[in-house]
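Mapping the sequence shown onto the numbering used here, position 544 (from 1) lands on 598, and the numbers just tick up by one. Every residue, glycine too, gets a C-beta built ideally from N, C-alpha and C.
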Amino acid sequence: MNFREEYAKWLNSSMIDQETKNRLEKLDEKMTEDCFYKNLSFGTGGLRGIIGDGSNRMNLYTIRKATQGLANYLVEHYPSAKVKGVAIAYDSRNFSKEFALETALTLAANGIKAYLFESIRTTPELSFTVRHLNCVAGIVITASHNPKEYNGYKVYGADGGQITLEAANEIITKIDKLDLLECNKVISLNEAEKDELLVWIGKPVDDVYIEKVKQLAFNAVNKDIKVMYTPLHGTGLMPIKRCLTELGYTNISILSKQAEADGNFPTVKSPNPEEAEALKLAIEEAKALGIDLVLGTDPDCDRIGVAIRNKMGEFELLTGNQIGALLIHYLLTSGREIPKNGALIKTVVTSELGAKIASAHGLTVFNTLTGFKYIGEKIGIFESNKDYEFIFGYEESYGYLAGTFVRDKDAVIASVLIVEMAAYYSSKGYNLAEVLNDIYLQYGYYKESLKTITLPGIEGQQKISEMMAIFRDSEKISKIIADLCWIEDYEQQIKTNPVSQEKIAIALPQSDVLKFILEDQSWFAVRPSGTEPKLKFYFSANGKTADAAEQRLNFIEKTLEQLL
55 MNFREEYAKW LNSSMIDQET KNRLEKLDEK MTEDCFYKNL SFGTGGLRGI
105 IGDGSNRMNL YTIRKATQGL ANYLVEHYPS AKVKGVAIAY DSRNFSKEFA
155 LETALTLAAN GIKAYLFESI RTTPELSFTV RHLNCVAGIV ITASHNPKEY
205 NGYKVYGADG GQITLEAANE IITKIDKLDL LECNKVISLN EAEKDELLVW
255 IGKPVDDVYI EKVKQLAFNA VNKDIKVMYT PLHGTGLMPI KRCLTELGYT
305 NISILSKQAE ADGNFPTVKS PNPEEAEALK LAIEEAKALG IDLVLGTDPD
355 CDRIGVAIRN KMGEFELLTG NQIGALLIHY LLTSGREIPK NGALIKTVVT
405 SELGAKIASA HGLTVFNTLT GFKYIGEKIG IFESNKDYEF IFGYEESYGY
455 LAGTFVRDKD AVIASVLIVE MAAYYSSKGY NLAEVLNDIY LQYGYYKESL
505 KTITLPGIEG QQKISEMMAI FRDSEKISKI IADLCWIEDY EQQIKTNPVS
555 QEKIAIALPQ SDVLKFILED QSWFAVRPSG TEPKLKFYFS ANGKTADAAE
605 QRLNFIEKTL EQLL
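Structural data, given as structure tokens:
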């Protein structure tokens, strides 16, 4: 794609508004290249990119093109698409509201009814709404936990889960056939409302969703537990506050500095609850108020971060793996009735600690590729064939799900279970740090870490491809890692023993992921991010003591440095 030619097309097109053209004329050469060297790619879940002008940016034109491609797909595959319609939600990010409305009006122009939330809502509520309203699809405008410069467009299927690979590929084909500068099928708001092609939704849907979340609470606990919660300027305030309040919790403090929805996220560098910096203000407030539990959710409220006081009285941020282990342990040991065919679902880059806990209590453990859509897809299979009953699903990147009325990670559900869990153990004289230590004593110590390399632009894409090729050189890898016993290549769908050359098929969809398993079952994995120009490295080590696990983790990380 010639970026200069594409740039000129935008400047000369009658489709592009004058304000956009004025901004484009001020771009320097390097920025022009970055804005136009490719079309913003519609990946397996949808769009995600920097907000701005050009074919490689999130704007009304790229939104319109993606929606037109989706509309063409829906009309072709679902005879009832125009009647059943599409549910649409949006978060607090800049331009989310505008992008959501443009999406709705483009669908309406194609005769497809759009159910649009009247104000910001969480991603998991959108997942619920698709099935609740019997829609053929759903769309949420969000870039999850990305920095403020980003926005995105996630597509959900009729099952309430993110679209499958097969559907995504068909939609991508439809989109690629379109000329962005000719995608002008859109009608006015008045016309859409008049023809009932745009239907506003809100509190009635909220009420049903929140009632279902509350029904997941299963232990009567002391409701005086003190909690500090921050929505990080996102969508979580209304549903989480409502759920906890209606469940009877009386000491839920909201961090006022981060309570207001604001796409600039003025109090944080990045609204990512995985990072300690994002919860810094909430932890400071919790210390001042004598609170021991801090919760924070990302802008679309599908991920949740947790900080707790350790045995030294200092706050520490739990990892996603630790939160998952605590939750599955709580669900299985605190009085909840567990069916004999119960199942835990986790991703291939998630710690094995949760799997050990689940297996010890009779659950069957299933692994999926990274991405919660695969967990949602598995739940649907369970419901169809009745072989297993879903108990819990999670991924290391701070996403959790219980119940089946949502088919994506849900920080509203997670917040209810985490607060109840903390209250339950508190009534027995334990804090969460002590419970986690007991889990380690019983199942072994596990330490995990995540490292990323950011490689933006054309050069970055090439570098990521080169680095993945290096890691696929099994001979070179085996020379550096003496105790390597298995290499799992999810793109080739083959698990290989580098010594014996034994090969085992991997029964999962293709994905550009490599996992290296060592003799003691410690491992590391590498994959390109699906939403950002990053290469991600996952590490997991185990040992009989915390120090042993830490030393093993450090050794594996240093080994990777040699490979790089």
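Inter-residue Cα distance where the pair is residue i and residue j
i    : j    : result
P563 : K440 : 22 Å
F609 : E406 : 19 Å
E339 : L371 : 15 Å
L128 : A135 : 6 Å
A595 : S150 : 40 Å
K138 : K239 : 20 Å
V460 : I174 : 18 Å
A477 : Y210 : 35 Å
P582 : T401 : 16 Å
A222 : G99  : 7 Å
I429 : E59  : 42 Å
E450 : G374 : 5 Å
Q496 : N110 : 50 Å
K63  : I70  : 9 Å
F57  : K334 : 42 Å
D462 : L219 : 16 Å
V466 : V267 : 8 Å
Cβ-Cβ separation, residue j to residue i (assumed contact under 8 Å), whole Å
i    : j    : result
I362 : T351 : No, I362 and T351 are not in contact; Cβ-Cβ is about 16 Å, not under 8 Å.
S519 : Y544 : At roughly 16 Å, the Cβ-Cβ gap does not stay under 8 Å, so S519 and Y544 are not in contact.
L252 : L170 : 6 Å
I493 : H415 : Incorrect: roughly 12 Å between the Cβ atoms, too far for contact.
G123 : M112 : About 16 Å; that fails the 8 Å criterion.
N205 : I105 : 5 Å
Y303 : V194 : That pair is no contact at about 28 Å.
Same chain, Cβ closer than 7 Å to residue i, neighbours up to 5 away in sequence not counted
i    : result
L161 : T121, A125, V140, A168
I241 : L159, A162, A163
T418 : A397, Y442
M521 : L589
I337 : V348, A361, F369
K569 : V402, E542, W577, A579
A559 : Q547, I548
I345 : K280, V281, M282, S307
T227 : none
W254 : L170, E172
Close beta carbons around residue i, own chain, < 8 Å, minus the five adjacent residues each side
i    : result
T458 : I433, E437, F444
L572 : I535, D537, L538, C539, I610
G514 : T508, P587
K119 : I229, L232, L234, C237
I411 : A379, I382, H383, L386, I493, Y497
Cβ neighbours of residue i in the same chain (closer than 6 Å, five flanking residues each side left out)
i    : result
Y132 : V190
A154 : I142, Y144, I195
Any chain C beta carbon closer than 9 Å to residue i
i    : result
G511 : Structure shown: chain C not included; a single protein chain is present.
Runs of 3 residues minimum, wholly inside the stretch 62-111: which ones carry the beta strand (DSSP E) assignment? Listed in chain order, the complete beta strand (DSSP E) runs (minimum 3 residues) inside the stretch 62-111 are 100-104.
Between the stretch 380-393 and the stretch 534-553, do three or more beta carbon pairs fall short of 8 Å? no
Can you confirm whether the stretch 215-232 touches the stretch 419-438 when touching is taken to mean that 3 or more C-beta pairs between the two stretches lie within less than 8 Å? yes
Evaluate the contact criterion for the stretch 585-604 versus the stretch 492-508: three or more CB pairs, one atom per stretch, below 8 Å. Segments in contact, yes.
Counting Cβ pairs, one atom from each stretch, are 3 or more of them under 8 Å apart for the stretch 501-516 and the stretch 583-592? yes
Ordered list of beta strand (DSSP E) runs contained in the stretch 535-576, each at least 3 residues: 538-543, 548-550, 557-559, 568-572
Report yes or no: do the stretch 280-298 and the stretch 312-327 share at least 3 C-beta pairs separated by less than 8 Å? yes
Would you check if there are 3 or more beta carbon pairs closer than 8 Å linking the stretch 391-411 to the stretch 226-238? no
Every unbroken alpha helix (DSSP H) within the stretch 206-273, with a cutoff of 4 residues, ordered by chain: Runs found: 219-230, 243-248, 257-268.
At 3 residues or longer, what runs of the beta strand (DSSP E) sit wholly inside the stretch 338-420? 347-351, 358-363, 369-371, 396-401
Segments of 3+ residues assigned as beta strand (DSSP E) that fall wholly inside the stretch 108-172: 140-144, 168-171
Scan the stretch 291-329 and note each continuous beta strand (DSSP E) run of 3 residues or more that stays entirely inside, going in chain order. 306-308
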